[in-house]
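Here the sequence shown stands for residues 1 to 85, numbered as in UniProt numbering. We put the beta carbon where it would ideally sit given N, CA and C, even for glycine.
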Amino acid sequence: MGFPTDLKIRTLSSDAKEQLLNDGDGLYLRVRASSKSWLYRYKSGEKQIKIGLGAYPTVTLAMARALTKEANALRAQSIHPQDAR
Numbered sequence: 001m002g003f004p005t006d007l008k009i010r011t012l013s014s015d016a017k018e019q020l021l022n023d024g025d026g027l028y029l030r031v032r033a034s035s036k037s038w039l040y041r042y043k044s045g046e047k048q049i050k051i052g053l054g055a056y057p058t059v060t061l062a063m064a065r066a067l068t069k070e071a072n073a074l075r076a077q078s079i080h081p082q083d084a085r
């Protein structure tokens with residue numbers, strides 16, 4: 001999907017229990033009725049791993065993308081981002 005601006009994120013709301021919106025490269029925005037938070041998701045073997053990156057707007061879109069880039073760089077070195085935290 002991609003989120004071009006923080007303004008677009010601020011205007012998102014969820015009437016549903018939870019929505020996961022994909023920004024690409026494993027970065028997701030979890031939108032709930034009362035909160036928004038960033039997740040980094042990846043597969044390790046058959047297991048789906050989710051790492052919380054923080055709540056929006058404390059963690060901005062730019063910060064979340066930078067954290068995702070770091071996590072992908074670790075994975076490229078065969079290091080699990082969870083282990084590096």
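Exercise. Along the chain, where does the beta strand (DSSP E) that runs through alanine 49 open and close?
Worked result: Residue identity check: residue 49 is isoleucine in the sequence provided, not alanine. Residues 47-55.
For this session: Go through its chain and collect everything with a Cβ distance to threonine 5's Cβ below 8 Å, but skip five positions before and after it.
Result: Leu61
For this session: Just confirm the distance between the C-beta atoms of alanine 16 and lysine 36, as a whole number of angstroms; I'd bet it's less than 8 Å.
Result: About 13 Å; that fails the 8 Å criterion.
Problem set entry | Reduced DSSP category for aspartate 23 - H, G, I as helix; E, B as strand; rest coil | strand
Problem set entry | Beta-carbon contacts of arginine 75 that lie in its chain and below 8 Å, excluding the five residues immediately before and after | Tyr42, Pro81
Problem set entry | Opposing strand residues paired with leucine 39 [DSSP bridges] | Tyr28, Gly52
For this session: Give every residue of the same chain whose Cβ lies closer than 6 Å to the Cβ of leucine 12, excluding the five residues on either side of it in the sequence, and list them in chain order.
Result: Val31
For this session: List the DSSP bridge partners of serine 44.
Result: Lys47
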